[in-house]
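Positions in the sequence shown are counted from 1; adding 81 to them yields the numbering used here.
The beta carbon of each residue, even a glycine, is placed where N, CA and C say it ideally should be.
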Amino acid sequence: MSSENTYSLSKEHGNLKYSDILPQNAEGFPATKEFLMKVVDILLDYIKTQSDRNSKVLEFHHPNEMLRLLDLEIPDTGVTLQQLLVDCSTTLKYQVKTGHPHFFNQLSCGLDLVSMAGEWLTATANTNMFTYEIAPVFILMEHVVLQKMREIIGWPNGAGDSILAPGGSISNLYAFLAARHKMFPQYKERGLAAVGGQLVMFTSDQCHYSVRSCASVGGLGTDNCVMVPSDERGRMIPQRLEELILERKAKGHIPFFVNASAGTTVIGAFDPIQEIADICQKYNCWLHVDAAWGGGLLLSRKYRHPRLTGIERADSVTWNPHKLMGALLQCSTIHFKEDGLLISCNQMSAEYLFMTDKLYDVKYDTGDKVIQCGRHNDIFKLWLQWRAKGSEGFEKHMDRLMELTEYMVRRIKQMPDKYYLILEPELVNCCFWYLPTRLRNVPHTADRERALGEICPILKNRMMESGTLMVGYQPDDRRPNFFRNIISSAAVTEADVDFLLAEMDRLGHDL
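Structural data, given as structure tokens:
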């Protein structure tokens, strides 16, 4: 990569290479220290720039242009340490600043600096998470934090079991596998022959796509992932769930798994968990709550109910701290009410790792609970962040994000000539249309909605080209493209919300 070099190493170390630093060179600590301190300088400058509201969120280039700006080739002979610093600086120059206060594009926004410090330490320790033998401190941290999360869910004394997984999609898959194992424990050895019928799962038509993926990966086929209709607010209709379960039972199928969404990706809707739990209990179905997005509200006494009322009745819960809680990517947890189910479902007893005659209590070896072997340490950054904020700090954070969303809704309602609120949000997803001048005095019909939907990608393009703002858009099954603004960053203020609305109008009024 080529970039103006503002992070120069000393003359003594400027031409050194990889082979001149630790651990390749036992005498290389001075050069190692200077190189890493310069990397830290680059990162600190990036953090400072990202926090500056006058800086751009991104410097957009089309892929072919970006390839010309970057030198991404892998050389036969390694480059100097100085060139590596240039590479680091250039990489961050062209990267989208997801921690910028004007980045509202994704569910995971912001940069929690304590969690970041934890990630730095995690990378330095470079520890795999499969046994207590090699990761004693981190394994115990995981045990303590996950038990705390189960207590917050509402399971007495934090009973049950949990694991950190590589993202919410895999967390949902673990729930699916455990549910199937619970109903058909011989499936692990005998496969489909252990079932004796067609398994069927149920989820709302607004669920995250990973739930349907479970049906594909798990061998059911997506035809046997029944999509339950949702109401106008995106919430599963319990009556339709029961009707569809009965329909499938009448065909001789075996309903076994129901997914309830607690914070859908687009609208931020919460399925009625209590009513769904009643139906699951009636028909002996496993209840999984996908709270990957909305789980953070479990920490808020003000906003937890009624959204998450009844979650303690779930058999399993996905909860991603890297979303509302602001832990660095990735940090996803999956929780089970029944202890021992994870190990029973997934254990393969690899003797080179999971011996039973070790020096310590082998119940702390977590590797045989999961379908992975190697597992990244995602706990330390969350533990350190939780230590810094405390549960009270997380509650204040959740309340603040919700209050900012409520502020945005009020501001949109104050400008009905420029913005059209699609629905009152249950979470921090604020869904709306921007109204350019030519569509402001037009009756709100299906034709107008189609026209507003066509505005969204054009206005998003202008945002990216200007670099001042990023807000996502998408259609759903009821309406064409609309904007979905996400407030999940602790950096956002009321002034940033005002800037967002003013900037969209500046960029889009003439469309």
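### Message
Quick check on A296: does DSSP put it in helix, strand or coil?
### Response
helix
### Task
Classify H386 as buried or exposed, calling it buried when 16 or more other Cβ atoms lie within 10 Å of its own Cβ.
exposed
### Query
Name the DSSP bridge partner or partners of R565?
C512 and G553
### DSSP state of C361 mapped onto helix, strand, coil
helix
### Task
Look at I220 and Y445 and say whether their C-beta atoms are less than 8 Å apart.
yes
### Task
Measure how close the beta-carbons of M551 and L139 come, nearest whole angstrom, since I'm counting them as under 8 Å.
7 Å
### Beta-carbon separation (whole angstroms), G553 vs F141, contact threshold 8 Å
Not quite, the Cβ-Cβ distance comes to about 15 Å (not below 8 Å), so this is no contact.
#### Entry: Of the listed residues D157, D152, L150 and L162, nearest to M118 (C-alpha basis)
L162
### Query
Between the beta-carbon of W400 and the beta-carbon of M210, is there less than 8 Å?
no
### Query
Among L504, K383 and R587, which has the Cα closest to the Cα of R543?
R587
### Residues near Y99 by beta carbon distance below 6 Å, same chain, minus five either side
G159
### Query
Mind checking V121: buried by the 16 CB within 10 Å criterion, or exposed?
exposed
### Query
Going straight from the alpha carbon of T179 to that of K137, what length do you get?
11 Å
### Task
Grab me the residues of A296's own chain with a C-beta within less than 7 Å of its C-beta, minus the 5 sequence neighbours each way, in chain order.
M282, G302, T303, N305 and C306
### Query
Does the region 569-578 come within contact of the region 189-199, defined as at least 3 CB pairs closer than 8 Å?
yes
### Message
Taking 8 Å as the cut-off, does the region 574-582 touch the region 516-528 (at least 3 CB pairs, one atom from each stretch)?
### Response
no
### Task
Report yes if the C-beta distance between D459 and Q428 is below 8 Å; otherwise report no.
no
### Query
When DSSP labels each residue in this structure, what does S100 get in the three-state scheme?
helix
### Reference P266, options I424, M545 and I452, closest by Cα
I424
#### Entry: Limits of the beta strand (DSSP E) - the one that G246 falls within
The sequence shown places Ala at residue 246, not Gly. Where A246 is concerned, the enclosing beta strand (DSSP E) stretches over D242 to A246.
#### Entry: Endpoints, alpha helix (DSSP H) assigned at V490
I460 to K494
#### Entry: Secondary structure of A260, DSSP reduced to three states
helix
### Query
Taking C-beta to C-beta, are A409 and K462 nearer than 8 Å?
Residue identity check: residue 409 is Leu in the sequence provided, not Ala. For L409 and K462, yes; Cβs fall inside 8 Å.
### Task
Would you kindly report the start and end of the unbroken beta strand (DSSP E) that includes C306?
C306 to V309
### Message
If you reduce the DSSP assignment to three classes, tell me which class V281 lands in.
### Response
strand
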